[in-house]
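Visitor:
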Amino acid sequence: MLFGILAFIALASVFGLVLGYAAIAFKVESSPVVEQIDALLPQTQCGQCSFAGCHPYAEAIAAGEAPINLCPPGGENLIQSLADLLDVEVLPMDDEEDSLQGPTVAIIIEETCIGCTLCIQACPVDAILGAAKQMHTVIESECTGCELCVAPCPVDCIEMIPVKQTVKNWRWPEPQYNANNKEAESIFTTLDHVLAENIRP
Amino acid sequence: MFLAQSSPFLKPELSVSKMMLVVTMLMIPGVLTAIYVFGYGVLVNIILAIIFALTFEAITLYLRRRPIAVYLKDKSALLTAVIIGVALPPLAPWWLTFVGLFFAIVIAKQLYGGLGYNTFNPAMVAYAILLISFPAEMTTYWQTPAMLASQFEGQTLSLLETINFQLFAQLPAGMTIDALTSATPLDIVRTAVLNGSATIDEIHAEGNAFGMLGGIGTEWVNLAFLAGGLFMMRKGLISWHIPISLLATLGFLSLLFGSFELDSNPSPLFHLFSGATMLGAFFIATDPVTASTTPRGRVIYGAGIGALIYIIRTWGGYPDAIAFAVLLMNMCAPLLDYYTQPRVYGHKADERDDEEAS
Amino acid sequence: MSQPLPASITRTIKDTLRHLWSFPGGIKLSGHKSLSNHQPISTAKIAKQLIIPLSQHIGHASEPIVKVGDKVLKGQILGYASGPVSAPVHASGSGTVVAIEEHLIPHPSGLSALCVFIDTDGYEQWIECSPLISDSSSTDDNQEAVTHRSIATLSSHQINQQIANAGVVGLGGALYPSAAKLNTAEKMHADTLIINAAECEPYITCDDVLMRQRPEEVILGILLLKKVIGAKKCLIGIENNKPEAYQALLNTISGYNNSHTDAQIEIVQVPTLYPAGGEKQLIQVLTGREVPSQGLPMDIGIICHNVATAAAVYHAVYRGEPLISRIVTITGSAIKQPQNMEVPLGTPIRDILNQAGLDENKVEKIIMGGPMMGFSLPSIDTPVTKATNCILVSEKSELATPPPAMPCIRCARCSDSCPMSLLPQQMYWYAKARDLEKVQDYNIFDCIECGCCSYVCPSNIPLVQYFRYAKTEIWDDERERNKANIARDRHEFRKERLEKAKQAKAEAARLRKEKLAKKKALDAEQAKEKEGLSQSNDNPAKSSSADLIQEAIARAKAKKAQQQSQKKNTDNLSEAQQKKIDEVNERRRKKADSEEI
Amino acid sequence: MPKTEALNTTEEISSTEVKPSFIEEYAPIAKDGLWDNNAVFAQMLGLCPLLAVSNTVINALGLGIATMMVLIISNMSVSLIRNIVRPEIRLPVFVVIIASAVTAIELVMHAWFHELYLVLGIFIPLIVTNCAIIARAEAFASKNTLGKSFFDGLMMGLGFTLVLVALGTMREVIGMGTLFSNAHIMFGNGMQWLTIEVFSDYDGFLLAILPPGAFIGLAFLLAGRNYIKIKQKNKKKRQKQQDLKLEPGIIS
Amino acid sequence: MKATILRNMMMSAVLLAGFGGLGTALVMMTFEATKEKIAASEKANLLKNLNNIIPPDSYTNNLLDNTLVVPAASQLGNKGPTIIYQAWQEKKPVAVAFSVVAHDGYTGNIKLLIAIKASGNVSGVRVISHKETPGLGDKIEIEKSNWILSFNDKNLEIPARQKWKVKKDGGVFDQFTGATITPRAVVNAVYRALDYYKYNEKKLFLDQAKYDQLYGSTSQ
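Chains as they are written, first to last, in the working numbering: chain Z, 83 to 283; chain S, 13 to 370; chain E, 8 to 604; chain R, -17 to 234; chain G, 30 to 249.
1) Which partner residues does Z:Thr219 have in the DSSP bridge list?
2) For a minimum of 4 consecutive residues, which ranges assigned as the alpha helix (DSSP H) are wholly contained in the stretch 8 to 88 of chain R?
3) Verify the CB distance criterion: does S:Gly53 have a CB-CB separation below 9 Å to chain G?
4) To the nearest angstrom, how far is it from the Cα of E:Arg221 to the Cα of E:Gly102?
5) Do G:Tyr226 and G:Ile145 have their CB atoms nearer than 9 Å?
6) Can you grab the Cα-Cα spacing for the pair E:Leu429 / E:Ala181, in whole Å?
7) What residues from chain E crowd round Z:Asp208, counting only those whose CB sits closer than 9 Å?
8) Buried or exposed for S:Lys331, going by 16 or more other Cβ atoms inside 10 Å?
9) Buried or exposed: which applies to R:Val145, given that a residue is buried once 16 or more other Cβ atoms fall within 10 Å of its Cβ?
10) If we ignore side chains and look at the alpha-carbon of each, how far apart do E:Ala548 and Z:Leu122 end up?
11) Going by DSSP, which residues form a beta bridge with E:Asn347?
12) Can you name the start and end residues of the beta strand (DSSP E) that G:Asn98 belongs to?
13) Apply the 10 Å Cβ neighbour rule to E:Pro278 and answer buried if 16 or more other Cβ atoms are within range, or exposed otherwise.
14) In terms of alpha-carbon separation, which member of S:Tyr313, S:Ile71, S:Met159 lies closest to S:Pro197?
15) Pick out the complete alpha helix (DSSP H) segments inside the stretch 79 to 156 of chain R, 4 residues or longer, and give them in chain order.
16) Identify every run of the beta strand (DSSP E) within the stretch 142 to 186 of chain G, keeping only runs that are complete inside it and at least 3 residues long; order them along the chain.
17) Return the CA-CA distance between Z:Cys231 and Z:Thr248, expressed in angstroms with no decimal places.
18) Answer with yes or no whether the minimum CB distance from E:Gln276 to chain S is below 9 Å.
19) Quick one: list the residues of chain G neighbouring Z:Phe66, beta-carbon separation under 7 Å, in chain order.
20) Apply the 10 Å Cβ neighbour rule to S:Asn130 and answer buried if 16 or more other Cβ atoms are within range, or exposed otherwise.
21) With 16 as the cutoff for other CB atoms within 10 Å, does G:Leu178 come out buried or exposed?
22) Output yes if chain G places a C-beta closer than 9 Å to the C-beta of S:Ala148; else output no.
23) Candidates S:Asn342, S:Arg77, S:Ile117: which alpha carbon is nearest S:Ser304's?
24) In three-state terms, what does DSSP make of Z:Val245?
25) Check whether the stretch 52 to 59 of chain R and the stretch 119 to 133 of chain R touch, using three or more Cβ-Cβ pairs below 8 Å as the test.
26) Select from S:Thr92, S:Ala81, S:Glu173, S:Ala70 the residue whose C-alpha is nearest the C-alpha of S:Val301.
27) Could you list which residues in chain E have their beta carbon closer than 7 Å to that of Z:Pro255, in chain order?
28) Could you tell me whether any Cβ in chain R is nearer than 9 Å to the Cβ of Z:Phe133?
29) Looking at E:Ser99 and E:Tyr87, is the spacing between their C-beta atoms short of 9 Å?
30) So is G:Gln125 buried or exposed if we call it buried at 16+ other beta carbons inside 10 Å?
31) Using the C-alpha atoms, what's the distance from Z:Thr219 back to Z:Gly212?
32) Grab me the residues of R:Met158's own chain with a C-beta within less than 6 Å of its C-beta, minus the 5 sequence neighbours each way, in chain order.
33) Using a Cβ-Cβ distance under 9 Å, would R:Leu161 count as near chain A?
34) Name the two residues that bound the continuous alpha helix (DSSP H) containing G:Gln251.
35) Check for me: the alpha helix (DSSP H) holding S:Ile254 runs from which residue to which?
36) Flag this pair as yes or no: are the beta carbons of E:Ala477 and E:Ile455 separated by less than 9 Å?
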């Protein structure tokens, strides 16, 4: 009986030594998961997640302080890929109304702009050009649609317009019609209807 | 609003509904033969099965809030029902069919997501569940085949008497269930082999198990299903891979082992033309939803079923093995699909050689 | 060209009949070709207003060089090629430019693009054409010899320049600028020219009638193409359901083959099996070789052109005419007189439908291209472009309005019929789940969108649309990712800039403070000197705090340096991303190539 | 002694600030263990013994109680030592504790519930590997006080036992048509009267007793739970929507 | 750095060893405390099983004390020695109990415990273990069916030798619906046991020492 206990103690000590060594020697410093999350975020730096930008939000997610569904620009797809990355459950978008809009860009209505540079200071990606007392303009290709410039404008000359669809960035719609879909029938009738309308001379 | 709809615009040549219907139609020769051999019980089974199947399907579709008409029209439940109807013992009581169809349609099919989403062949799930739950009923209610009955002056039932027995468990006066039924050839062989009580030759001499090709009576049913299956293959409804590899493996194994122990191993022909071999090879194993989909995967899938049939028939606890073999291979199908992907055009040839050249 | 064939030639040709390979999958379709391939090619009336899109090809849209109000002649250049992969656009009728604005174009999206509107004057006045070789069709006698000698005298660069100027693009459907393609082929020393005359899609007959009725244009065009590339071999692949076209080409070739062995052109009948006319499939059938995935036919020494492209090359070189018209098949049971029509580009489709007789009561669907790969037109007010090979107007019973898709039953008919040996059933699951990575693992970018899978699917699942959807989603994702990376860089840069500014400010403030402190200290010292040494302890403390600040600055600087070095990393990363973008572009181009059916 | 004093004072401070009532503190633990975070329903832990031994109510009860005992013991011990163990040897120590508790319980059962021990067989030692136990040690006991840990072990064990018994009831009634058969092996011969024949003359539905029946039964239990959860969620949503509808009125 | 590692290692080792020792000690203590009770329970269980087939009021000795180990015999179907439990009323032999194995079951061996009265009649039979098909062959268990009781008071003469078969084979014992092999195997095994008893009647009531002396030791 005593021998059993002693043997067990000896064994436990050995494992204890090994574990005690491993705990310090093989310590992993910090998790690169923040960067992985950051790479998925849309980088609009819009702050709609209530964090100061995409990277802070990524840090918060990694630390488990923020849910994954706070990013309207990333939409459902982002939630899905974050859920895949972190192996957590997919959550519905936090604020459903916002997620419905497509991507937008800001434009400055040139007649109204007074050249106050407030929007330039607000832009997180330096996508607005202009100098004091001069008309400003948005570099459309660089604009992330974060809307941060809209509020500071004293004359309300900035508008968000949807990104223009062209043949180049057009995407095939996902097929909608399947037998489980009660609307299937109506979609087909719409389709026929549309075609018929176009044919009429 | 313009709604983009993608090509192709040609009318599709086939629909699920048509496919299922044709397959069901091609089972008719086999079904008729089975009715001739095993009496009206088979017919009653099938009709009961169809009624139960459609009812269960409609109810579950309703509960799942799916369009009932659309899915009832796909006729997959019909096919499942007919397969179960043929597979059940001819004199099975009605509640056996009822329980079977409940498990087939509700549990194995609809709870998995309905047509196309079930991992396991519904008919075989039903059969396996019935077999392990009600082994006595599943093995005893086999009416003596017509050939044997006439030979040994056994009794048969008329259609009305059959219905009366199956629905109300009432036999005409003076008849016992023991006199009506007899063990299936596979059962006889299995028992004899196990007990070592009789050699194959002795069973031959007794004349109540072996027909010309396979089991007495069942050989004709198998031949009829073979004919239907071959027609189906010719029509391109099923590919050759699964049935051929299944039958080849089963034949090969029985030949191989048969050549070692002639006394206790029946011939390959017996294995191929007894039990539900042909039904299984052409109508059950080829169920598209649960089978492997790649060409090489299908060959392995068929061969696996063939091997399992032989193994279970010879060393297993139940006489026939189609259901278990099919279910076991159903489990492997996704894996097979993954590991037997054909080489895509233009990709490096070192992975796999071009197999589907035709 | 219709002289009887000498027996010797027939024999040599028969002798050289090749061994044919086969491709996996494929489906048999009823052709519906006899609807339209018996009538001679008619000519479309010039429309009152031509709408000429500036982008009728793959690559950059051409830049307009005319202004509203300009008078243009037929064949005059409207837009010049704006990059290495681009093609000029020409006026297909004389008249006045009335507008340059967006208009619906024939595209599955139903979106608009920039078009030049020309009100025609009806005079059809040509600009001065400058052919490279004078057309000698009038002098029937030694035509072959003259032509050949003429071709031989031209340099391949000369011919290619002419082709480029004429705005010739791949007319099989890919619309890749031919000159650019020929250029690459020449550089990569492609040794085999394959002419795609298979035309495997049902209903379409424009290539068929072209070969039947103008075989010499095709053959001369081919000779020119061959000359440009310097190819040793030339194969024409034609489906065996077009015996007349085959015979016509054979008759024409025999003359050329006879006259000069260098001109060896082989014409090969391939079995009628859709999609035998797919570029990759045709190459496989004719040579047994496979175009590597993500690669081009040129990687295996092959270049593929369509017969109509060859004819366009002929027109450019022999007549000096740019590509301003093309043969369009107008067919379908809702058309009263199905036919092939030579249509000036930019003609509204409504006009040619009216000319062919549109049975309005019957019309159900109007499709541009074939029923397998075409798309339903958003409107019939869209113009005919270089891509318009067929207008199919169907009646109700003719084509399918797809019934609701049933669930996939994994019958594998799709993978059995796939000419690329893909697994559509798997790609469908992942495309539906929008698992874009998995879709790519199943090689979605090898899909040629031939439509076989959708056609054979008993569940009527719009598989091809799922794949197109997945592909465009993947491209979109890549675009988004690139944009996000750029945005991240810019954001980092901005943060850094702000930080710098802040530091500069702080530095300035500190300096100011220090100065002040020094001054004070100095004053104090002067005052203290009188008081004695007791307070000298203060000084070291002060200096130590100054040290601390100094240290902090050093740290900040080091951090900045680190950040900068990090920035370099991101630069590298973005380069990798740039590479990815390039890859995507490459893939897109290749995909476009493969569409040439 | 000044040390303890300091401790006392801090405790007092925290307790004077917000002292949650006993129920407030312990009700969530109970709800967690019994429903919200049930070992089987929510965490899907300990399924192996669950599926193997739930063919009759008595078996289920036996294993359930054994598991509950282990849970309570391990939770309490872990909670007691939670401040001493270092993170790197945390798991081995927990495992040692659990294994000791299980072995002790096994020996006790062997001695006093011999027949039950024979029926449950291998599944008693297997309690060691029941992830539910180490999960609770890790997730709860190592962070909470003794009292709470004890209560959590009790509730988790109770939750596990209840599911086990529910499954056992289903399987026994459907499979054999009886309830509490073999009651004597647990409660002694005097309790044989407890056995109830639910259906007389019942042939039995073997599937329910065989392993596949356990899976199907568990699936139905889970489906039932999900159904209830969805119902609750929908109700909450509707409530929220109603609240929202009321809001604009207040604002205007 | 090194010192911290060393310290950490020591701490972990001590802690783990401490808990290991504690746990083991606990187990050891329980083991010691329950050892006797476990042995007693096991004995009681065995006795209970034997009492099912030998009425406890028919004998006066302790069955577990009067045992005899006999060598393997073909009739018993076992490969190793078998334990014979003897029941005595004072000095009068009452019955013996021993196990028999049937090898011809449907799926594997069936192990039976059989008690035979001194008169040669079956006192009782129970199935100890089997692998027969659930629902078919498992009716040989007393929990599933009373069939196994049909052997009680049968002997080699009643029924007659050729009637020691299932009904299907022309005997007197019922078979169950759907299964003949299992009951057939059990009937055979019981018959063999009776046969064995008849053959060794005298030997089986000897005590171990006497048996060894007469027939050689079995305990090698």
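We put the CB at the ideal spot given by N, CA and C, even for glycine.
Guide: The relevant details are as follows:
1) Numbered from 1 along the first sequence, position 137 holds the residue referred to as residue 219 of chain Z. Answer is Z:Leu211, bridged to Z:Thr219.
2) 29 to 35, 39 to 63
3) Here residue 53 of chain S is taken as the residue at index 41 of the second sequence, counted from 1. It does not; no Cβ of chain G falls within 9 Å.
4) Counting from 1 along the third sequence, the entry for residue 221 of chain E is found at position 214. Counting from 1 along the third sequence, the entry for residue 102 of chain E is found at position 95. Those two C-alpha atoms are separated by around 29 Å.
5) As a working note, residue 226 of chain G is residue 197 in the fifth sequence. As a working note, residue 145 of chain G is residue 116 in the fifth sequence. Yes, the pair counts as a contact, with Cβ atoms nearer than the cut-off.
6) As a first step, residue 429 of chain E is located in the third sequence; it is residue number 422 there, counting from the start. As a first step, residue 181 of chain E is located in the third sequence; it is residue number 174 there, counting from the start. Approximately 22 Å between the Cα atoms of the pair.
7) As a first step, residue 208 of chain Z is located in the first sequence; it is residue number 126 there, counting from the start. Chain E residues near Z:Asp208: Arg497, His498, Phe500, Arg501, Arg504.
8) Start at 1 with the first residue of the second sequence, and residue 331 of chain S comes out as number 319. First, the residue type needs correcting, since residue 331 of chain S is Pro and not Lys in the sequence shown. Buried, by the Cβ-count rule.
9) Position 163 of the fourth sequence, counted from the first residue, corresponds to residue 145 of chain R. Result: buried.
10) Numbered from 1 along the third sequence, position 541 holds the residue referred to as residue 548 of chain E. Numbered from 1 along the first sequence, position 40 holds the residue referred to as residue 122 of chain Z. Unreliable placement is indicated for E:Ala548, whose pLDDT of 47 sits below 50; no coordinate value is reported for it.
11) Locating residue 347 of chain E in the third sequence gives position 340, counting from the first residue. E:Asn347 is bridged to E:Thr336.
12) Locating residue 98 of chain G in the fifth sequence gives position 69, where the first residue counts as 1. In the sequence as presented, Asn is not what sits at residue 98 of chain G; that position holds Val. From DSSP, the beta strand (DSSP E) with G:Val98 extends over 96 to 99.
13) The count along the third sequence starts at 1 and reaches residue 278 of chain E at position 271. Exposed, since its Cβ has fewer than 16 Cβ neighbours within 10 Å.
14) Your numbering for residue 197 of chain S matches position 185 in the second sequence. The option with the nearest alpha carbon to S:Pro197 is S:Met159.
15) 96 to 102, 113 to 121
16) 151 to 158
17) On the first sequence, position 149 is the one that residue 231 of chain Z refers to. On the first sequence, position 166 is the one that residue 248 of chain Z refers to. Rounded to whole angstroms, Z:Cys231 to Z:Thr248 spans 26 Å at the Cα level.
18) Looking up residue 276 of chain E in the third sequence gives position 269. With 9 Å as the cut-off, E:Gln276 does not count as an interface residue toward chain S.
19) Because chain Z here runs from 83 to 283, residue 66 of chain Z falls outside it and cannot be looked at.
20) If you number the second sequence from 1, residue 130 of chain S lands on position 118. With 16 or more Cβ atoms within 10 Å of its Cβ, S:Asn130 is classed as buried.
21) On the fifth sequence, residue 178 of chain G is found 149 positions in, with the first residue counted as 1. Exposed: under 16 other Cβ atoms inside 10 Å.
22) On the second sequence, residue 148 of chain S is found 136 positions in, with the first residue counted as 1. Judged by the 9 Å Cβ criterion, S:Ala148 is in contact with chain G.
23) Indexing the second sequence from 1 puts residue 304 of chain S at position 292. Considering only alpha carbons, the answer is S:Asn342.
24) By 1-based counting over the first sequence, the position of residue 245 of chain Z is 163. Coil.
25) Short answer: they touch.
26) Numbered from its first residue, the second sequence carries residue 301 of chain S at position 289. Nearest of S:Thr92, S:Ala81, S:Glu173, S:Ala70 to S:Val301, Cα basis: S:Thr92.
27) As a first step, residue 255 of chain Z must be located in the first sequence, where it is residue number 173. What Z:Pro255 touches in chain E: Tyr476.
28) By 1-based counting over the first sequence, the position of residue 133 of chain Z is 51. Output row for Z:Phe133: interface = no.
29) Position 80 of the third sequence, counting from 1, holds the residue named residue 87 of chain E. Position 92 of the third sequence, counting from 1, holds the residue named residue 99 of chain E. Between E:Tyr87 and E:Ser99, the C-beta spacing is not below 9 Å.
30) Here residue 125 of chain G corresponds to residue number 96 of the fifth sequence, with the count starting at 1. Just to set this straight, residue 125 of chain G is Val in the shown sequence, not Gln. In this structure G:Val125 is buried. Its beta-carbon is surrounded by 16 or more other beta-carbon atoms within 10 angstroms.
31) Residue 212 of chain Z sits at position 130 when you count from the first residue of the first sequence. Residue 219 of chain Z sits at position 137 when you count from the first residue of the first sequence. So the alpha carbons of these two residues sit roughly 6 Å apart.
32) Position 176 of the fourth sequence holds residue 158 of chain R. So the qualifying residues of the chain are Gly186.
33) Considering every chain present, this structure includes no chain A. Its protein chains are Z, S, E, R and G.
34) Because chain G spans 30 through 249 in this model, residue 251 of chain G falls outside it and cannot be assessed.
35) Taking the first residue of the second sequence as position 1, residue 254 of chain S is located at position 242. Note, S:Ile254: alpha helix (DSSP H), 253 to 272.
36) The count along the third sequence starts at 1 and reaches residue 477 of chain E at position 470. The count along the third sequence starts at 1 and reaches residue 455 of chain E at position 448. Taking 9 Å as the Cβ cut-off, E:Ala477 and E:Ile455 do not qualify as a contacting pair.
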